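Trainee: In the numbering used here, the protein residues as written are 0 to 207. Pasting in a structure now, in structure tokens, and then I'll have a few things to ask.
This is how it looks when you write it as structure tokens:
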């Protein structure tokens with residue numbers, strides 16, 4: 000199994016975790032948030048046949064309604080776009096967020112059928128009281144070697160929000176930043192938006 004496949008499957012677990020558990024999770028402490036999301040995820044996967052079968056419309060609808068309360072998606076998109084984010088107009092930023100979100104949701108949906116009997120192991124939180132940003136480290140345990148899955152969270156008011164994910168040592172923002180920069184270098188920010196939109200349409204079976 001190559002790194003991209005593992006990353007997709009692991010990110011799928013993250014997406015489902017957020018989608019199904021956001022309503023019940025305590026976001027006042029970062030490790031508590033991740034622990035609750037992770038535990039409920041495993042139970043949700045085992046209980047939902049439609050999710051196991053990869054029902055894209057159901058998964059996307061759930062993610063749309065539940066993921067945003069626990070993710071700073073603007074910051075996540077800005078990290079992936081890198082230094083070009085500040086050059087984008089507000090309209091371009093909005094379109095980038097929309098297309099990037101669709102890309103990730105399709106990735107989650109396409110991989111959820113692969114999530115079966117995994118469990119989550121939490122690692123000690125290395126943070127000081129008052130830290131505005133932390134990394135919560137976990138691993139997915141199942142058949143084969145454990146898969147590293149870490150989260151970067153920032154405190155926003157009284158709650159914590161995820162803004163980056165690390166799979167096997169690769170942060171999500173870093174994973175996309177180089178390819179996005181190459182696309183922008185050749186075709187500009189509008190070119191990246193167009194490229195993402197085309198990929199999303201193709202993944203949706205040609206439907207916009």
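Heads up, the beta-carbon is just placed ideally off N, CA and C, and yes, glycines get one too. It should be emphasised that the depicted structure is a prediction, and the values quoted were computed from it without experimental measurement.
Below 8 angstroms, how does it come out for the segment 70-88 and the segment 180-196: are there three or more Cβ pairs, yes or no?
Mentor: The answer is yes - the segment 180-196 touches the segment 70-88, with three or more Cβ pairs under 8 angstroms.
Trainee: DSSP on residue 74, reduced to helix/strand/coil?
Mentor: If you number the chain shown from 1, residue 74 lands on position 75. Three-state result, residue 74: helix.
Trainee: Might you give, ordered along the chain, the residues of its own chain that have their beta carbon closer than 6 angstroms to the beta carbon of residue 194, omitting 5 neighbours on each side?
Mentor: Against the chain shown, residue 194 aligns to sequence position 195. The answer, listed in chain order, is 182.
Trainee: DSSP beta-bridge partners for residue 118?
Mentor: Start at 1 with the first residue of the chain shown, and residue 118 comes out as number 119. Partner(s): 140.
Trainee: Taking three-plus beta-carbon pairs below 8 angstroms as touching, is the segment 99-106 in contact with the segment 119-138?
Mentor: Verdict: no, contact absent.
Trainee: Does the beta-carbon distance from residue 198 to residue 95 come in below 8 angstroms?
Mentor: Taking the chain shown and counting its residues from 1, one reaches residue 198 at position 199. Taking the chain shown and counting its residues from 1, one reaches residue 95 at position 96. Not in contact: residue 198 and residue 95 (Cβ atoms no closer than 8 angstroms).
Trainee: Which residues in the same chain have their Cβ closer than 6 angstroms to the Cβ of residue 29, if we skip the five residues on either side of it in sequence?
Mentor: By 1-based counting over the chain shown, the position of residue 29 is 30. Around residue 29: 133, 135, 152, 159.
Trainee: Quick check: the Cα distance between residue 56 and residue 124, rounded to an integer number of angstroms?
Mentor: Counting from 1 along the chain shown, the entry for residue 56 is found at position 57. Counting from 1 along the chain shown, the entry for residue 124 is found at position 125. Each residue's alpha carbon lies about 36 angstroms from the other.
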